[in-house]
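Protein sequences, first through last, are from chains A and B. Residue numbering for the first sequence follows the working numbering, beginning at 51 and increasing consecutively. Residue numbering for the second sequence follows the working numbering, beginning at 2 and increasing consecutively. Every residue gets a Cβ at the ideal spot worked out from N, C-alpha and C, and that includes glycine. Owing to the predicted nature of the structure, the values given are computational and were not obtained by experimental measurement. Have a look at the structure below, then the notes.
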Amino acid sequence: MAKNVNNNYNYKSDFPILNQKIRGKPLVYLDSASTSQKPANVIASEKEFYEHYNANIHRGVHYLSEKATQMYEDAREKTAKFVEAKSEEIVFVRGATEGINLIAATFGEQNVKSGDTILITEMEHHSNLVPWQQLAARKKAKLEFVEINTDGTLNLNDAAAKLEKQPAIFSFTHVSNVLGTINPVEKLTKMAKKRGVSVVLDAAQSAPHLPLNFATIGADFAAFSGHKMLSPTGIGAVYGKREHLENMPPYQTGGHMIKTVTKQTATWNDVPWKFEAGTSNIAGAVGLGAAIEYLEKIGMKKVERYNAELVSYCLEELQKLPFVTIYGPLENRCGVVSFNVGDMHSHDVSSILDEEGIAIRSGHHCCQPLMETLGVTATCRASFHIYNTMEDVDKLVNGLKKCKKVFKL
Amino acid sequence: MTQTSSSTQMYSEIILDYYRHPRNFGTISKPDASSHEVNPLCGDEVTVQLKIKGGKVEKIKFNGKGCAISQASTSMLCEHIEGKKLEEVVKMSKEEALELLGINLSPMRLKCALLGFKAAKLAAFKYLGVNEK
Ligand SMILES: Cc1ncc(COP(=O)(O)O)c(C=O)c1O
Numbered sequence: 051m052a053k054n055v056n057n058n059y060n061y062k063s064d065f066p067i068l069n070q071k072i073r074g075k076p077l078v079y080l081d082s083a084s085t086s087q088k089p090a091n092v093i094a095s096e097k098e099f100y101e102h103y104n105a106n107i108h109r110g111v112h113y114l115s116e117k118a119t120q121m122y123e124d125a126r127e128k129t130a131k132f133v134e135a136k137s138e139e140i141v142f143v144r145g146a147t148e149g150i151n152l153i154a155a156t157f158g159e160q161n162v163k164s165g166d167t168i169l170i171t172e173m174e175h176h177s178n179l180v181p182w183q184q185l186a187a188r189k190k191a192k193l194e195f196v197e198i199n200t201d202g203t204l205n206l207n208d209a210a211a212k213l214e215k216q217p218a219i220f221s222f223t224h225v226s227n228v229l230g231t232i233n234p235v236e237k238l239t240k241m242a243k244k245r246g247v248s249v250v251l252d253a254a255q256s257a258p259h260l261p262l263n264f265a266t267i268g269a270d271f272a273a274f275s276g277h278k279m280l281s282p283t284g285i286g287a288v289y290g291k292r293e294h295l296e297n298m299p300p301y302q303t304g305g306h307m308i309k310t311v312t313k314q315t316a317t318w319n320d321v322p323w324k325f326e327a328g329t330s331n332i333a334g335a336v337g338l339g340a341a342i343e344y345l346e347k348i349g350m351k352k353v354e355r356y357n358a359e360l361v362s363y364c365l366e367e368l369q370k371l372p373f374v375t376i377y378g379p380l381e382n383r384c385g386v387v388s389f390n391v392g393d394m395h396s397h398d399v400s401s402i403l404d405e406e407g408i409a410i411r412s413g414h415h416c417c418q419p420l421m422e423t424l425g426v427t428a429t430c431r432a433s434f435h436i437y438n439t440m441e442d443v444d445k446l447v448n449g450l451k452k453c454k455k456v457f458k459l
Numbered sequence: 002m003t004q005t006s007s008s009t010q011m012y013s014e015i016i017l018d019y020y021r022h023p024r025n026f027g028t029i030s031k032p033d034a035s036s037h038e039v040n041p042l043c044g045d046e047v048t049v050q051l052k053i054k055g056g057k058v059e060k061i062k063f064n065g066k067g068c069a070i071s072q073a074s075t076s077m078l079c080e081h082i083e084g085k086k087l088e089e090v091v092k093m094s095k096e097e098a099l100e101l102l103g104i105n106l107s108p109m110r111l112k113c114a115l116l117g118f119k120a121a122k123l124a125a126f127k128y129l130g131v132n133e134k
């Protein structure tokens, strides 16, 4: 049964969507790794922006435009502080996917040559795989994968051996969205840097739960999505070391990103605006700022600790069910617990849990090559954020017992 | 209908039996027609292969991977189709296919239930298309 729920961790009431019944049962939302729910202050911040401050940024000299510009740039400042970076190193994008595409299409395009290797890992999300695969195809370069161990951790010996061959770029995820593995980012980055390899970090699953310090991690680039860390959808960030951003060609061209334009030529705006062509998701950025405020009020150390408690309680309870197979390491894990139930397909598990008001994810989680490595076609995945409770885990366990009954396992 | 009865209804004895012991599962070495269907939302896949003789489905096999609903419905459909005229197969309606399952499904799960139906019908269409030219 649930450990006593610490009242310090009672955040559910800050999230309006969680105060509802689904199919007659109180909603138990265990799909935050796909997208998190949003606290009231984030929803209010977007509403307030549209009701009082909406105008386009950077160009206008009227009051609202100045105010909106200030709010947008404040959000950048907050985002930069959140990951211990400088404001000019933060480019607003739609999310991690667009971020990695930006990096591949600019820095990648510039630095990968025919015959080079791009190194990623076997645990990458399609978003940190397909952009590199396509870049490799364009450049006649090779895409290589660092293997994973049977326990779902990254094989560091294999990483060392493949980094030894000096790939042009090493791009890897901080936290796996399937296995929950927390990769040793600083160590991997150091190993790469020693060989002069550029490092790209997919921080989509770590930014929501872990205190991040991009300055000490030392990666050249990183990308993450706001919507997985309590902010609205359609906003995220690329972090890039200033010297790279300065030297890279623009990603898209058009308004906002230029300094001067003649009929035949154009010059680019300063960084980071050089990479923000067109009108940005201004309200989204304001919402991201509000989400960061919310998380920082709790404190990222506490967010991290609470998530670790939820994940280890879930692992403990699922290990008690002999008909459940768990994927990924049992320790040093963040955010998600992937599993299968007997010979059931994950969609069937998800359907039965849905009747209990429990939302989990089923399928390949945008990680088809990883599924192949694991030797499965799909898994169930429960994932957590600050608003989940130990009772949510108990409800999941009861739901899985119902699956066992229905499928006569 | 109460909520609890619905998963028990959806995963009836019969459907579980078809899921665990699918009829017409396997491959045909030299099929006259075949079609491979994928549900990109969930990754479920099914391949349906036909052996045609005298305008009739002499033999039908399927293979693939997916949920109980997609696997059981495809298996039931294959049984249903075997021996039928191709004309009948191409005219077969969704409703007829769903009737074999005999359960109510949400829109997302309907896609699972109709994956094999889509594959079988496409295979039949392909065969007729090729051979009528
Ligand atoms: C590890 C990882 N990388 C990248 C992404 C892509 O994020 P988005 O869809 O927000 O661009 C995700 C989202 O599921 C993810 O889990």
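query	result
Give the DSSP bridge partners of G286 of chain A, in chain order.	A:V143 and A:S275
Buried or exposed: T3 of chain B, going by 16 or more other Cβ atoms within 10 Å of its Cβ?	Low local confidence applies: a pLDDT of 37 at T3 of chain B is under 50, so the model's placement there is unreliable, and no value is given.
Sort A:F220, A:K455 and A:E194 by Cα distance to A242 of chain A and report the nearest one.	A:F220
Of all the CB atoms in chain A, is at least one closer than 8 Å to the CB of K134 of chain B?	Interpretation of K134 of chain B is limited by its pLDDT of 47, a score under 50 that renders its predicted location unreliable; no figure is taken from the coordinates.
Please list, following the chain, all residues that have a C-beta closer than 5 Å to any non-hydrogen atom of ligand 1.	A:G145, A:A146, A:T147, A:H175, A:S177, A:T223, A:N227, A:D252, A:A254, A:Q255 and A:S275
Against L398 of chain A, what residues of chain B qualify as contacts under a CB-to-CB distance less than 8 Å, listed in chain order?	According to the sequence shown, residue 398 of chain A is Asp rather than Leu. Ordered by position in chain B, the residues that pass the 8 Å Cβ test against D398 of chain A are Y12, C68, A69 and I70.
Quick check on V321 of chain A: does DSSP put it in helix, strand or coil?	coil
Can you tell me the Cα-Cα spacing of T223 of chain A and I168 of chain A, whole angstroms?	14 Å
Using beta-carbon positions only, say whether E293 of chain A and I267 of chain A come within less than 8 Å of one another.	no
Compare the beta carbon distance of P76 of chain A and G407 of chain A with 8 Å and say whether it is the shorter of the two.	yes
Counting only beta-carbon separations shorter than 8 Å, does V228 of chain A have a partner in chain B?	no
Can you tell me whether DSSP reads C384 of chain A as helix, strand or coil?	coil
Over the uninterrupted beta strand (DSSP E) stretch that includes D137 of chain B, give me the two end residues.	The requested residue 137 of chain B is not part of the displayed model; chain B covers only 2 to 134.
Per DSSP, A254 of chain A is paired with what?	Paired residue(s): none; A254 of chain A is not in a bridge.
Let me know the secondary structure DSSP gives T156 of chain A once reduced to three states.	helix
Taking the alpha carbon of T171 of chain A as the point to measure from, which residue in A:K163, A:S164, A:V180 and A:G165 has its own alpha carbon closest?	A:V180
Taking buried to mean at least 16 other C-beta atoms within 10 Å of its own C-beta, is H22 of chain B buried or exposed?	exposed
Could you work out which residues of chain A lie near C79 of chain B, taking near to mean beta carbons separated by less than 8 Å?	Result: empty, since nearest Cβ-Cβ is about 19 Å, beyond 8 Å.
Within a Cβ cutoff of 8 Å, which residues of the same chain sit near I376 of chain A, ignoring the five residues on either side of it in sequence?	L365, L368, Q369, V387, S388 and F389
By the three-class DSSP mapping on this structure, what secondary structure does Y363 of chain A have?	helix
Mind checking if V456 of chain A is an interface residue toward chain B, Cβ cutoff 8 Å exclusive?	yes
Does DSSP put G334 of chain A in a helix, in a strand, or in coil?	helix
Under 8 Å between the Cβ atoms of G65 of chain B and V47 of chain B?	yes
Which whole-angstrom value describes the C-beta separation of K136 of chain A and S164 of chain A, a residue pair presumed to lie in contact below a C-beta threshold of 8 Å?	Wrong, their Cβ atoms sit about 34 Å apart, outside the cutoff.
Spatial neighbours of S6 of chain B within its chain, please: CB distance less than 8 Å, with the 5 preceding and 5 following residues excluded, ordered by chain position.	Only weak support is given to the placement of S6 of chain B: the predicted model assigns it a pLDDT of 47, under 50, and the question is left unresolved by the model.
How would you label N151 of chain A, buried or exposed, when you count the other beta carbons within 10 angstroms and need 16 or more for buried?	buried
Does any residue of chain B bring its CB to less than 8 Å from the CB of N448 of chain A?	no
Indicate the three-state DSSP secondary structure (helix, strand or coil) for T329 of chain A in the structure shown.	coil
In this structure, how does DSSP classify P76 of chain A when only helix, strand and coil are distinguished?	strand
Rounded to the nearest angstrom, what separates H395 of chain A and G67 of chain B at their Cα positions?	7 Å
Does the contact criterion of 3 or more C-beta pairs under 8 Å hold for the region 306-317 of chain A versus the region 325-336 of chain A?	yes
Is S76 of chain B close to chain A, meaning its C-beta is less than 8 Å from at least one C-beta of that chain?	no
So is T129 of chain A buried or exposed if we call it buried at 16+ other beta carbons inside 10 Å?	buried
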